[in-house]
Amino acid sequence: MRCRGPWMILALMLALSLTGCASPRGNRLAEVAPRHTIAEFRDQRFADVDDPWEGFNRSMYRFNFYLDKFVLIPVVHGYELVTPTFVQNRVSGIFNNLSEIRNLTNSMVQLKGVESATTLGRFVTNSTLGLGGMFDPATRLGLARRDEDFGKTLGYWGVESGPYLVLPFFGPSSVRDTGGLAVDTGVTYGIYTAVDPFANTGNSLAISSGITALEAVDMRHQQSFRYYESGYPFEYYMVRFLYHQKREIESGKHPAE
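Numbering (our numbering), first residue to last: 1038 to 1294.
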């Protein structure tokens, strides 16, 4: 996930006021109190995740639902309504191409030579032949995307995930992945500050804020997950379990059967 948390939320609220779009009518999503408790399912694998801050995490999960319902999704719907699909895909391509820098740096830190070379080839190919990432000729040339982040890098080098943690806006995480997110954000900010492509425009802050808002909208646009639409009575626990398993596998670990 690309990361500029607080700026994204502020920029999205600004975007909401500009679009004036509302959520689709009839959206009555709400968490339904389960008639059972997780204690009844302690022998099930989805309960095997360290979650000492469950009260806080459940509150944050609910906060993200309301943030989604009243801010993010209305803005995304407005964006999709006024922007042609062709343009949406080009915007997504540009941001996905920029995230290859994060993929490359983490592949290098993990000493993955082949993966690093592939990611570098993707970035160069899509930045040139793909017109800054608007198109993806690299995939057609057999250069598959390899998503990496510093949370995975820490896991690759043996750092345990630590307790489960739900973050505002970003959603499911862990202590390890939260630290990784902070590092990736710092590296991205450092690179952007060093390059500062809009320094000579006289409107660097306004342009950067607009791009950050568009990036946040595109990020949510690309994700199909919607809170409390799974139909599963214990959605919080299932999301927690699936996130934990996915991250352990991606970090090169194999959760016990």
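Beta carbons are placed, not taken as given, at the ideal position from N, Cα and C, and that holds for glycine.
These numbers were taken from a predicted model, which means no experiment stands behind them.
1. Could you tell me which residues DSSP pairs with GLY1239 in its beta bridges?
2. Under 8 Å: do the stretch 1114–1134 and the stretch 1241–1260 share three or more Cβ pairs, one atom per stretch?
3. By Cβ distance, which residues of its chain are closer than 8 Å to MET1097, with the 5 residues on each side in sequence left out?
4. At the level of alpha carbons, what is the spacing between LEU1118 and LYS1106?
5. So within the stretch 1205–1252, which uninterrupted alpha helix (DSSP H) runs reach at least 4 residues, ignoring any that extend past its ends?
6. To which residues of the same chain is ARG1062 closer than 6 Å at the C-beta, ignoring the five residues directly before and after it?
7. Per the DSSP calculation, ARG1203 is bridged to which residue(s)?
8. Going by Cα to Cα distance, which pick from GLY1150, ILE1248, TYR1264 is closest to ARG1095?
9. Quick check on DSSP: helix, strand or coil for ASP1105?
10. Over the uninterrupted alpha helix (DSSP H) stretch that includes MET1145, give me the two end residues.
11. According to DSSP, is ARG1284 part of a helix, a strand, or is it coil?
12. Any idea what DSSP makes of SER1129, helix, strand or coil?
13. Here's the rule: buried if 16 or more other CB atoms are within 10 angstroms of the residue's CB, otherwise exposed. What is GLN1147?
14. Which whole-angstrom value describes the C-beta separation of PRO1209 and TYR1280, a residue pair presumed to lie in contact below a C-beta threshold of 8 Å?
15. Where do the ends of the alpha helix (DSSP H) carrying LYS1297 lie?
16. Restricting to Cα atoms, I'd like to know which of GLY1167, LEU1141, THR1176 is closest to THR1225.
17. If contact is defined by three or more beta carbon pairs under 8 Å, each pair taking one atom from either stretch, is the stretch 1191–1202 in contact with the stretch 1150–1166?
18. What span of residues does the alpha helix (DSSP H) with ALA1175 cover, start to end?
19. Between the alpha carbons of PHE1102 and PHE1187, how many angstroms are there, rounded?
20. For a quick check, are the C-beta atoms of TYR1273 and ASP1088 less than 7 Å apart?
21. Does the beta-carbon distance from VAL1086 to ARG1213 come in below 7 Å?
Let me lay it out:
1. The sequence position of residue 1239 within the sequence shown is 202, counting from 1. DSSP lists no partner for GLY1239.
2. A contact exists between the stretch 1114–1134 and the stretch 1241–1260.
3. The residue labelled residue 1097 in the question sits at position 60 within the sequence shown. VAL1203, LEU1204, PRO1205, listed in sequence order.
4. In the sequence shown, residue 1118 corresponds to position 81, counting from 1. In the sequence shown, residue 1106 corresponds to position 69, counting from 1. Between LEU1118 and LYS1106, the C-alpha separation is close to 17 Å.
5. Within the stretch 1205–1252, the alpha helix (DSSP H) runs of at least 4 residues that lie entirely inside it are, in chain order, 1212–1232.
6. Against the sequence shown, residue 1062 aligns to sequence position 25. Here ARG1062 scores only 40 on pLDDT, less than 50, and its place in the model should not be relied on; the value that follows carries that caveat. Excluding sequence neighbours, ARG1062 sits near nothing in its chain.
7. What you label residue 1203 is simply residue 166 of the sequence shown in a count that begins at 1. It is Val, not Arg, that sits at residue 1203 in the sequence shown. DSSP, once it has assigned bridges, lists PRO1209 as partnering VAL1203.
8. In the sequence shown, the residue the question calls residue 1095 occupies position 58. Checked all of GLY1150, ILE1248, TYR1264; the closest Cα to ARG1095 is TYR1264.
9. On the sequence shown, residue 1105 is found 68 positions in, with the first residue counted as 1. Reduced to three states, the DSSP call for ASP1105 is helix.
10. In the sequence shown, the residue the question calls residue 1145 occupies position 108. Segment 1137–1146, the alpha helix (DSSP H) holding MET1145.
11. Sequence index remark: in the sequence shown, residue 1284 carries index 247 (1-based). In the structure shown, the three-state DSSP call for ARG1284 is helix.
12. Reading the sequence shown from its first residue, position 92 is the one you call residue 1129. It is helical.
13. By 1-based counting over the sequence shown, the position of residue 1147 is 110. Buried is the call here.
14. Against the sequence shown, residue 1209 aligns to sequence position 172. Against the sequence shown, residue 1280 aligns to sequence position 243. Between the beta-carbon of PRO1209 and that of TYR1280 there is about 4 Å, and that keeps the pair under the 8 Å contact cut.
15. For residue 1297 there is no data in the structure shown, the boundaries of the chain being 1038 and 1294.
16. Taking the first residue of the sequence shown as position 1, residue 1225 is located at position 188. Measuring from the Cα of THR1225, the nearest candidate turns out to be LEU1141.
17. With a cut-off of 8 Å on Cβ pairs, the stretch 1150–1166 is not in contact with the stretch 1191–1202, counting fewer than three such pairs.
18. Within the sequence shown, the letter at position 138 stands for residue 1175. Residues 1174–1177.
19. What you label residue 1102 is simply residue 65 of the sequence shown in a count that begins at 1. What you label residue 1187 is simply residue 150 of the sequence shown in a count that begins at 1. Pairing PHE1102 with PHE1187, the inter-Cα distance amounts to about 26 Å.
20. The sequence position of residue 1273 within the sequence shown is 236, counting from 1. The sequence position of residue 1088 within the sequence shown is 51, counting from 1. Against a cut-off of 7 Å, the Cβ pair of ASP1088 and TYR1273 comes out as no contact.
21. In the sequence shown, residue 1086 corresponds to position 49, counting from 1. In the sequence shown, residue 1213 corresponds to position 176, counting from 1. No, the pair does not count as a contact, with Cβ atoms beyond the cut-off.
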